[in-house]
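Using this note's numbering, the first residue of the sequence shown is number 229, and each one after it goes up by one.
C-beta: ideal position from N, C-alpha, C; glycine also.
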Amino acid sequence: MAGMYRPEPQNPAARRPRLVVILLGSFFAFQLLLFVAFRSAPPPKLASTAAATSSPVPEPPPSRGPEDSGCGGGLVYVYELPAVFNEDLLAMCDTLMPMYSVCPYLANDGLGFPAEGTSLSAILPAELLGPWHSSDQFALEHIVHRRLLSHRCRTTDPARAQAFFVPFYAGLAVGRHLWSANATDADRDRDCVALLSWLHAQPYYKRSNGWDHFLALGRITWDFRRSPSGGWGGSFLAMPGVANVTRLVIEREPWDAMDVGIPYPTGFHPRTAADARAWQQYVTSVPRPRLFAFAGAPRSAIKGDFRALLLNDCQAAGAECGALDCAEGKCIKDNGLVLELFMGARFCVQPRGDSFTRRSLFDCMVAGAVPVLFWRRTAYLQYHWYLPTKDGQEGEWSVFIDRDELRAGNVTVRGVLAAIPEERVRKMRERVVEMIPRLVYSAADKDGLGGGMKDAMDVMIDGMLRRVAEQRRNWKRT
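See below:
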């Protein structure tokens, strides 16, 4: 550059080429400076916890408007996982449980075999039988996966998605080792470790470090929370690699914000809003000669077993209470027994089971009966997207009895329930029946139940997209 210098000519016209050279040189020098600065600067982060990545992944689009086929909160992308994480597990249905084959219950995309020819055929009118199936209480993963694949809010373009579903059947992966005497902790964790290794390599996971990802767990949260010192279950939810992923689970840990409770699958899977309304009308009008009912198996080995106390209370109430002994899995294998019991009662008592929650809570409500609870963790601290609890709303659809008062003999179940005015009982039952569609998983495809009616999947997607939107606001503040 110095060799090109020459004295500035006095003629103003001669200064113009020199000025052009200076301007062009300045422009290219500035571009070079920007290039060097860009190359040396670290990539931006969407969240303070996210690892830096050079993956060319665009920012998620803004939430869609209400005109977009009812998907105002956005769209969901469903990962296509290697078959070992879902389809291969379904193929093992004969050996997943040591007590019985789950193949009949996982058929029909997780809904189970149709109810025709089962005990339900003798209980229900033929025109109401179609939506009923022999569903397993642990089939959630398969059911959610099937519905999301055909849901109107699904997108096959990850660049358009606000949320990302990981269809890992963790409940089947861990559950097949829970009762095996020879299974090790490593056996129970192997599939989960492999899944996280696969997931962490995906560019859209790297973009958010998992904050906009979610999965469904078909077993209770405690089956995935083995302590470092050993014990029951796998340790999937204790692994750092899943810490930012939302878990939709049939029983949540109330003090873990990443767990979200969603309903146990029942046997009722309506295809249309008309199916759901026909069922609502039926359970509203069916005669209910008993005040309350209880379905469950006593735990004779447990000192002071609360279920045994409830059975005694039921027997003392005589004809006002109906009881069903569910020993040896009898109630799991035959939906009709439980449904018939609950349809004949105005209330159904719901103690904790082996854990704090029970599928029976949802069987009770689908049957149009009002649940009677003794632990807040059975429902009130579990299913916030589904069961209203703010400002005393739980009293609209349930009854809570202090279990310590019951143990002490200060109250009886019959005494508490009989004291509720008939008009209030009627309103409570109406509220329960009104809630039925949002508590069940429809057998419908893309358009859902239709008629403006939402099922449990629609509620789940709405809730998940709201949750992701809030997480995204947090990213922008960090």
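The secondary-structure analysis by DSSP pairs threonine 383 across a beta bridge with Tyr305.
Residues of the same chain with a CB within less than 6 Å of the CB of aspartate 419, apart from the 5 flanking positions on each side, are Ala401 in chain order.
The beta carbon of leucine 609 is closer than 6 Å to those of Pro482 in its chain, skipping five residues each way along the sequence. Inter-residue distance for tryptophan 450 and arginine 694 is about 26 Å (C-alpha atoms, whole angstroms). Inter-residue distance for arginine 604 and alanine 411 is about 34 Å (C-alpha atoms, whole angstroms).
If you compare the alpha carbons of Ile648, Trp460, Glu698, Leu634 with that of serine 583, the shortest gap goes to Trp460.
When the Cα atoms are used, glycine 489 and valine 470 turn out to be separated by approximately 17 Å. Here arginine 374 is buried. Its C-beta has 16 or more other C-beta atoms within 10 Å. Annotated three-state conformation of serine 349 is helix, per DSSP.
Your pair asparagine 314 and tyrosine 432 does not check out as a contact, with CB atoms roughly 19 Å apart and the cut at 8 Å.
When the beta-carbon positions are compared, arginine 659 and aspartate 683 stay at least 8 Å from each other.
For aspartate 582, the three-state secondary structure derived from DSSP is coil. The C-beta distance from glycine 446 to arginine 516 rounds to 32 Å, too long to meet the 8 Å contact threshold. Valine 661 places its beta carbon less than 8 Å from that of glycine 596. For glutamate 624, the CB contacts under 8 Å within the same chain, skipping 5 residues up- and downstream, are Pro616, Lys655, Met656, Arg659 in chain order. Under the DSSP assignment, leucine 377 falls in the alpha helix (DSSP H) whose first and last residues are 368–378. At the C-beta level, serine 670 and arginine 499 come within 8 Å of one another. For serine 362, the CB contacts under 7 Å within the same chain, skipping 5 residues up- and downstream, are Pro332, Tyr333, Gly340, Phe341, Ala343, Thr346, Gly495, Asn563 in chain order. By the CB criterion at 8 Å, valine 641 and phenylalanine 520 fall inside the cutoff.
With a contact defined as Cβ atoms closer than 8 Å, valine 598 and arginine 574 qualify at about 6 Å.
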